[in-house]
Amino acid sequence: MDLDLAVAYRRCRELHRRHGRTYYLATRLLPAWKRRHVHALYGFTRYADEIVDQTETLPPAERAAQLDDWGGRFVAGLHGEQVEDPLLPAVLHTIAVFDLDREDFASFLKSMAMDLTVTSYRSYHQLLDYMEGSAAVIGTMMLPILGSSDPAAAREPARQLGFAFQLTNFIRDVAEDLDRGRTYLPEEDLATFGVTPEELAACRAAGRSTEPVRELIRYEVGRAQAHYAAAAPGVILLDAASQACIRTAYALYGGILDEVAAQDYDVFVRRATVPQRRRISVAGRALLTPTGTPVTLPGPQVTLPELPVP
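Each residue of the sequence shown is one higher than the one before, starting from 5 at the first, in my numbering.
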């Protein structure tokens, strides 16, 4: 591996280590040769996300210009042009090694561009359209790296795991997203529970939730669990060497739902995080779990809503 490529992989790994603690811990359970490729994909997604999230320092037009410029360099690299960038050489190398679907990356960048102009979603179907590019494609990007005994059967569970992880993040980060001027909780869901955007803003200011907001979050937790349930069959279809990694990520992201429930579904009183002791314990158990053991549905016991057809 040439020096520039090695440096790009190291930069992706450092970005992953700093910003993706849960998934970084899980990635450490992969064989060493796979880890750098997961770091590269994380670096790609995180860097784009950081561009669009510079809400306090740059207006949307400037962030759009930065995203367009970076996306243009990425596309140029896909066409074989020399790319001057601290991260992209590693991303392009990973794409080439595993022949990853270029359309997944185009879909991802399209969803990132949506964050520059779209601040709310009317329905869950509309939110799913956004998450198709921002989350489901991450699962299909990852699948060739993780490996599977049946890639066709594992594809939809991989997509569902992307949905589950992102919806978990949306539930946890309601307060932070409000600070960025965004709400990922569908407007139709707010209306169902009698919650207004103004009430969410008031909860953010007060640092605590009202009862209708807690009931709304309880419902979204159940919806996230339904995605975890749809993703569960795919874990045992992965290569044996990859199962501990995804088993750990599955349990730790799902553990955020446990923490949300433990604080009575109040996502404003504090940011729900899984304690470090539990994180280490989960990773240790995953290493000791026999290959092919089904995963346990995370989160509290609630009635799972029916998921829309993808």
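A virtual CB, placed ideally from N, CA and C, is assigned to each residue, including glycine.
**Request:** Would you list, in sequence order, the uninterrupted alpha helix (DSSP H) runs of no fewer than 4 residues that lie entirely inside the segment 226-278?
**Result:** 244-266
**Request:** Tell me where the alpha helix (DSSP H) around P343 begins and ends.
**Result:** Not covered by the structure: residue 343. The range shown for the chain is 5 to 314.
**Message:** Give me the residue from L256, P294 and L62 with the minimum Cα distance to P279.
**Reply:** L256
**Asked** Whose CA, out of H83, R222 and W74, lies closest to the CA of D89?
**Response** W74
**Request:** Decide yes or no for the touch test of the segment 264-278 against the segment 31-38: beta carbon pairs closer than 8 Å, at least 3 of them.
**Result:** Proximity of the segment 264-278 to the segment 31-38 falls short of the contact definition, fewer than three beta-carbon pairs being nearer than 8 Å.
**Prompt:** Taking C-alpha atoms, which residue in R275, T49 and D243 lies nearest to A151?
**Reply:** It is worth fixing the name first, because residue 151 is Gly in this sequence and not Ala. Comparing Cα positions, the closest option is D243.
**Request:** Tell me whether A12 is buried or exposed, calling it buried when 16 or more other Cβ atoms sit within 10 Å of its Cβ.
**Result:** buried
**Request:** Measure the alpha-carbon distance for A235 versus A80 and round it to whole angstroms.
**Result:** 34 Å
**Asked** Comparing alpha-carbon positions, which option in F48, A30 and I284 lies nearest C16?
**Response** F48
**Prompt:** Per the contact definition of three or more C-beta pairs closer than 8 Å, is the segment 205-212 in contact with the segment 276-291?
**Reply:** The segment 276-291 makes no contact with the segment 205-212: fewer than 3 CB pairs, one atom from each, lie closer than 8 Å.
**Request:** Less than 8 Å between the CB atoms is what I'm expecting for L131 and Y46, so what's the real figure, rounded?
**Result:** The beta-carbon distance between L131 and Y46, rounded to whole angstroms, is 23 Å. This is too long to meet the 8 Å contact definition.
**Item:** Best match in S138, P216 and L291 for proximity to L33 [C-alpha to C-alpha]
**Value:** Of S138, P216 and L291, the residue nearest in Cα terms is L291.
**Limits of the unbroken alpha helix (DSSP H) element including V199** = First-last for V199: undefined, no H or E at that position.
**Item:** Distance, D57 Cα to A65 Cα
**Value:** 13 Å
**Asked** In terms of alpha-carbon separation, which member of A100, A140, L194 and D103 lies closest to L113?
**Response** A140
**Message:** Whole angstroms are fine: how far does the CA of P190 sit from the CA of Y125?
**Reply:** 5 Å
**Item:** Contacts around P148, its chain only, beta-carbon distance under 7 Å, and the 5 residues preceding and following it disregarded
**Value:** F102 and L104
**Prompt:** Can you give the Cα-Cα distance for R289 and H23, rounded to whole angstroms?
**Reply:** 24 Å
**Asked** Which residues mark the beginning and the end of the alpha helix (DSSP H) in which G76 is found?
**Response** P64 to L82
**Request:** With a floor of 3 residues, list each beta strand (DSSP E) that falls wholly inside the segment 103-185, ordered by position along the chain.
**Result:** none
**Prompt:** Pick from Y223, A158 and R77: whose alpha carbon is nearest that of F174?
**Reply:** Y223
**Item:** When R251, R159, E192 and R274 are compared against A287, the one with the closest alpha-carbon
**Value:** Looking at the Cα atoms, R251 is the closest of the given residues.
**Prompt:** Hey, how far is the Cα of T144 from the Cα of A253?
**Reply:** 16 Å
**Asked** Do you know how far the Cα of V87 is from the Cα of A320?
**Response** The structure shown does not extend to residue 320, since the chain spans only 5 to 314, so no value can be given for it.
**Message:** What I want to know is whether the C-beta of A69 ends up closer than 7 Å to one or more non-hydrogen atoms of the ligand NAD.
**Reply:** Among the components modelled here there is no ligand, and therefore nothing to report on the ligand NAD.
**Asked** How would you label G76, buried or exposed, when you count the other beta carbons within 10 angstroms and need 16 or more for buried?
**Response** exposed
**Prompt:** Which residue from G84, A276, P302 and P237 puts its Cα closest to that of E160?
**Reply:** P237
**Prompt:** Just checking my contact of G84 with S111 at CB under 8 Å: how many whole Å lie between their CB atoms?
**Reply:** Not really, about 22 Å apart at Cβ, beyond 8 Å.
**Message:** Just to confirm before moving on: does the CB-CB distance between A276 and R212 stay below 8 Å?
**Reply:** no
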